[in-house]
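Below: the structure, in structure tokens.
Residue numbers (the working numbering): 48 to 261.
Listed below in structure tokens is the structure:
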């Protein structure tokens, strides 16, 4: 049996650990409270992402405009590559293309890296061709990061919940549809993409101001 002193010591350590964990969770919540969050409800589960409005202002402004317009509702994850990315934002369940109203400037020199769980904009060879499609990094894809004089793929947020959902999508069985590889054979849809309203702040947001300048 434990001595009274030993039992008391273990009890106090437990309290300290619980308190420290709570403080970390509180600090994380406080930090995230200053940034917008989006809830991605998919056909296989829900993911919540915090967006970095400070370091990717144009990208976040464009993304939130599309979310507010319910643009992403009904779109599928059309490019799934295990150990790399899951991509969405461009095709519906019938593989019909959907695009946003504008392309946005490349913001890959913002110091954010393509780490596991981050959201990043998909694009063509033109660095400023990102529109509506985005992907979630399944691993640290450092080769997608910007280099001096060479734009990369712009990170604009990260998952705070739902990494397990991303893994479900990652390991979905895929095939070729309309010449595109990596398309899940059983469509995985974004049912809804909505901004978390408790994250909204009064007044004109940075995103709203920037959209007027795009």
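In this text, a Cβ means the ideal position worked out from N, Cα and C, and glycines have one as well.
For residue 213, the uninterrupted alpha helix (DSSP H) segment begins and ends at 210-217. By the Cβ criterion, the stretch 122-140 is in contact with the stretch 181-200, since at least three pairs of Cβ atoms, one from each stretch, lie closer than 8 Å.
Look at the beta carbons and you see the stretch 164-178 touching the stretch 196-209: at least three pairs across the two are nearer than 8 Å. Linking residue 88 to residue 193 through their CA atoms gives a straight-line distance of about 30 Å. Taking residue 103 as the centre and dropping the five residues before and after it, the same chain places the C-beta of 154, 157, 159, 201, 202, 203, 204 closer than 8 Å to its C-beta, in chain order. With 16 or more other Cβ atoms inside 10 Å of its own Cβ, residue 100 counts as buried. For the options 137, 181, 109, the alpha carbon positioned closest to that of residue 161 is the one of 181. A distance below 8 Å separates the beta carbons of residue 235 and residue 219. If you check the CB distance, residue 122 and residue 145 come in under 8 Å.
Counted as a single uninterrupted DSSP element, the stretch harbouring residue 125 is not any alpha helix (DSSP H) but the beta strand (DSSP E) occupying residues 122-128. Within a 10 Å sphere around the beta-carbon of residue 97 sit 16 or more other beta-carbons, which makes this residue buried. DSSP, read as helix, strand or coil, puts residue 109 in helix. In the DSSP assignment, residue 133 falls within the beta strand (DSSP E) that extends over 132-139.
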